[in-house]
């Protein structure tokens with residue numbers, strides 16, 4: 318089962334749950350300085366920053382792309398201009414793709430359909446759940462107090478009990494925590510910020526309640542007892558505890574707003590679980606045994622090592638089931654029955670192919686493999702019902718959904734064009750070989766450059782420099798800017814929160 322080339326779009330580093338929560342709306346439609354707040358919810362975001370042929374890059378598209386995009390342009394002078402130029406390059410290649418009818422391919426339409434369904438179901442969630450949650454003032458006041466308590470913490474990490482025991486013995490014998498901390502950075506080849514953090518109590522309680530309880534009991538320079546976690550053991554040291562000085566009214570409002578979003582997100586998790594449960598019960602989904610057996614054997618042939626596939630006799634099981642069908646097309650078999658309609662084996666395979674980079678089967682034993690497949694089927698049913706519900710309510714026609722879908726369509730068409738150019742120089746961007754890769758990368762860069770020069774002669778480009786100056790971004794001209802990506806995992810299709818420029822443009826700097 319060949320992975321879809323569009324998987325290059327999906328780079329996961331930081332994950333959020335059901336939806337990408339927008340910042341609060343700004344009060345004015347036009348602002349002297351346009352930031353993300355204004356761009357997302359007001360007419361200021363509709364201002365046209367640049368025209369590329371018949372494609373407009375609005376302030377809203379630029380800011381959502383920039384704020385969630387790679388940091389390499391943000392570390393250089395004229396960060397906004399640099400970033401915009403790469404957006405223009407991608408629009409040019411997308412225009413070329415449209416002229417070649419790339420957008421009519423099944424490859425583009427399948428990914429776009431999945432993303433549009435996710436955006437529509439997110440909009441439904443925001444409208445029917447998230448925006449209806451009211452956070453009591455008492456909770457906000459408590460959160461503000463917790464946000465004022467800040468910690469500098471570091472930790473020693475042990476992958477197993479043997480390493481943990483070694484740390485404990487050294488600490489007992491008088492070796493300092495600082496010495497062990499420096500030594501682990503050297504031994505594990507990690508940076509200090511990968512074993513340390515500055516965090517406030519509110520953030521810590523929301524991200525890791527157990528760790529928050531431990532840290533709350535420690536004094537400055539105190540070292541915790543070992544903490545067992547799924548990936549190993551941790552020994553924590555609190556280097557500093559401090560409280561924020563009195564906040565200005567603007568700072569206080571921002572802290573309250575940020576805390577309110579987190580509290581609403583936490584409250585919405587439980588409500589959304591109940592919403593999904595009711596939706597499932599209303600459609601009474603039932604997995605069909607015979608179809609499940611066929612699908613299990615079919616999927617095993619693609620994802621399992623040959624030895625396990627043979628050991629579990631999945632080939633024999635599949636042959637036996639297919640013989641009983643007497644030539645009937647098993648792909649169209651009903652896999653899940655619903656009160657109204659059904660989901661076929663082909664439907665599951667289509668759903669799986671778009672998500673195989675994020676789905677993992679349990680290959681330890683036959684029962685575990687079967688259970689993991691069943692879990693995936695239920696997740697597919699959930700996704701199917703959520704998107705169907707959103708579409709039935711017309712959320713796919715909401716302006717914000719249509720707008721973001723168009724951004725993604727341009728991005729996907731661009732990605733396919735880039736894949737085609739890469740393949741034309743013999744560069745497999747999914748599983749690159751180390752042999753002559755540098756030469757191939759250079760050849761691809763040259764090919765893209767010549768194509769962009771050609772397209773710039775064909776399509777007129779206009780940039781509104783005055784609007785570009787008005788735009789306010791969080792990071793620019795900052796050599797210390799770091800990559801930070803918000804990626805949606807809990808919705809119906811995992812993908813970056815917004816389309817942003819490719820990492821590959823960094824080689825052009």
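Residue numbers (my numbering): 318 to 826. A virtual CB, placed ideally from N, CA and C, is assigned to each residue, including glycine. Since we're looking at a predicted model, the values are computed, not measured.
For residue 603 and residue 650, the rounded distance between their alpha carbons: Your numbering for residue 650 matches position 333 in the chain shown. Your numbering for residue 603 matches position 286 in the chain shown. Cα-Cα distance, rounded: 14 Å.
Suppose you measure from the CA of residue 419 to the CA of residue 404; what does that come to, to the nearest Å? In the chain shown, counting from the first residue as 1, residue 419 sits at position 102. In the chain shown, counting from the first residue as 1, residue 404 sits at position 87. In a straight line, the C-alpha of residue 419 is about 19 Å away from that of residue 404.
Alpha carbons only, please: which of 598, 666 and 660 is nearest the one belonging to residue 615? The sequence position of residue 615 within the chain shown is 298, counting from 1. When only C-alpha atoms are compared, the closest one is 666.
For residue 762, which of helix, strand or coil comes out of DSSP? Taking the chain shown and counting its residues from 1, one reaches residue 762 at position 445. Here residue 762 sits in helix by DSSP.
Any idea what DSSP makes of residue 819, helix, strand or coil? Looking up residue 819 in the chain shown gives position 502. Coil, per DSSP.
Helix, strand or coil for residue 593, going by three-state DSSP, please let me know. Residue 593 sits at position 276 when you count from the first residue of the chain shown. In this structure, residue 593 counts as helix in the three-state DSSP scheme.
Residue 514 by DSSP, collapsed to three states: which one? Working through the chain shown from its first residue, we reach residue 514 at position 197. Strand, per DSSP.
According to the Cβ coordinates, are residue 553 and residue 471 closer than 9 Å? Residue 553 sits at position 236 when you count from the first residue of the chain shown. Residue 471 sits at position 154 when you count from the first residue of the chain shown. Taking 9 Å as the Cβ cut-off, residue 553 and residue 471 qualify as a contacting pair.
Could you tell me which of 789, 479 and 617 sits nearest to residue 690, measuring between CA atoms? In the chain shown, residue 690 corresponds to position 373, counting from 1. Per the Cα distances, 617.
Range of the contiguous alpha helix (DSSP H) that encloses residue 731: Here residue 731 corresponds to residue number 414 of the chain shown, with the count starting at 1. 716-741 is the span of the alpha helix (DSSP H), which, as asked, contains residue 731.
If you draw a straight line from the C-alpha of residue 427 to the C-alpha of residue 475, how long is it? Working through the chain shown from its first residue, we reach residue 427 at position 110. Working through the chain shown from its first residue, we reach residue 475 at position 158. Approximately 44 Å, taken between the alpha carbons.
If you run the structure through DSSP and keep just helix, strand and coil, what is residue 469? The residue labelled residue 469 in the question sits at position 152 within the chain shown. Reduced to three states, the DSSP call for residue 469 is strand.
Quick check: the segment 397-416 against the segment 757-770, are there 3 or more CB pairs under 8 Å? yes
Quick one: grab the DSSP three-state call for residue 526. On the chain shown, residue 526 is found 209 positions in, with the first residue counted as 1. Residue state, collapsed to three classes: helix.
Where residue 786 sits in the DSSP three-state scheme: Position 469 of the chain shown, counted from the start, is the residue given in the question as residue 786. It is helical.
Residue 669 bridges to which residues according to DSSP? For the purposes of this step, residue 669 is taken as residue 352 along the chain shown, with counting starting at 1. For residue 669, which the question treats as bridged, DSSP gives no partner whatsoever.
Alpha-carbon to alpha-carbon, residue 668 and residue 632: Locating residue 632 in the chain shown gives position 315, counting from the first residue. Locating residue 668 in the chain shown gives position 351, counting from the first residue. Residue 632 and residue 668: Cα-Cα distance of roughly 23 Å.
Is it a yes or a no for the segment 732-740 touching the segment 357-371, going by three-plus beta-carbon pairs under 8 Å? no
Could you pull out every residue in the same chain whose Cβ sits closer than 7 Å to the Cβ of residue 484, ignoring the five residues on either side in sequence? Locating residue 484 in the chain shown gives position 167, counting from the first residue. Closer than 7 Å at the Cβ level, and outside the excluded window around residue 484, lie 473, 475, 497 and 552.
Locate the alpha helix (DSSP H) running through residue 536, then write down its first and last residues. As a working mapping, residue 536 is identified with position 219 in the chain shown. Residue 536 -> no alpha helix (DSSP H), and no H or E assigned at all.
Separation of residue 686 from residue 693, as counted between CA atoms: Within the chain shown, the letter at position 376 stands for residue 693. Within the chain shown, the letter at position 369 stands for residue 686. Rounded to the nearest angstrom, the two C-alpha atoms are 11 Å apart.
For residue 748, three-class secondary structure by DSSP: Translated into positions along the chain shown, residue 748 becomes position 431. Only weak support exists for where residue 748 lies, its pLDDT of 45 falling under 50; the value from the coordinates is given anyway. Correct three-state label for residue 748: coil.
Among the candidates 578, 594, 563 and 680, whose CA atom is the shortest distance from the CA of residue 619? Working through the chain shown from its first residue, we reach residue 619 at position 302. With distances taken between Cα atoms, residue 619 lies closest to 680.
9 Å Cβ cutoff met for residue 817 and residue 383: For this step, residue 817 is matched to residue 500 along the chain shown. For this step, residue 383 is matched to residue 66 along the chain shown. Contact flag set, yes.
Any 3 or more C-beta pairs closer than 8 Å across the segment 584-602 and the segment 639-646: no
Who are the Cβ neighbours of residue 569 in its own chain at under 8 Å, not counting the five residues just before and after it? To locate residue 569, count along the chain shown from 1; it is residue 252. If we look at residue 569 and ignore the five residues flanking it on each side, its Cβ neighbours are 461.
Rounded C-alpha distance that separates residue 486 from residue 532: As a position in the chain shown, residue 486 is number 169, starting the count at 1. As a position in the chain shown, residue 532 is number 215, starting the count at 1. Just so you know, the alpha carbons of residue 486 and residue 532 end up roughly 22 Å apart.
Output the distance between the C-alpha atoms of residue 417 and residue 786, rounded to the nearest integer angstrom. Numbered from its first residue, the chain shown carries residue 417 at position 100. Numbered from its first residue, the chain shown carries residue 786 at position 469. Roughly 35 Å separates the two Cα atoms.
Uninterrupted alpha helix (DSSP H) stretches inside the segment 647-706 (no shorter than 4 residues): 662-670
Just to confirm my understanding: we take residue 522, look at its own chain, exclude 5 residues before and 5 after, and list those with CB closer than 6 Å. What are they? For the purposes of this step, residue 522 is taken as the residue at position 205 of the chain shown. Here the set comprises 529.
With distances taken Cα to Cα, identify the nearest neighbour of residue 717 among 375, 370 and 525. Sequence index remark: in the chain shown, residue 717 carries index 400 (1-based). For the residues 375, 370 and 525, the minimum Cα distance to residue 717 belongs to 375.
Using DSSP with H/G/I as helix, E/B as strand and the rest coil, what is residue 557? Counting from one through the chain shown, the residue named residue 557 turns up at place 240. Three-state DSSP puts residue 557 in a strand.
To the nearest angstrom, report how far apart residue 597 and residue 699 are at their CA atoms. Reading the chain shown from its first residue, position 280 is the one you call residue 597. Reading the chain shown from its first residue, position 382 is the one you call residue 699. Their Cα atoms are separated by approximately 7 Å.
Buried or exposed for residue 812, please, with buried defined as at least 16 other CB atoms from any protein chain shown within 10 angstroms of its CB. Position 495 of the chain shown, counted from the start, is the residue given in the question as residue 812. Looking at its Cβ environment, which holds 16 or more other Cβ atoms inside 10 Å, residue 812 is buried.
Put residue 601 into one of helix, strand or coil per three-state DSSP. Indexing the chain shown from 1 puts residue 601 at position 284. DSSP places residue 601 in coil when its eight states are reduced to three.
From which residue to which residue does the alpha helix (DSSP H) around residue 429 run? Locating residue 429 in the chain shown gives position 112, counting from the first residue. From DSSP, the alpha helix (DSSP H) with residue 429 extends over 423-445.
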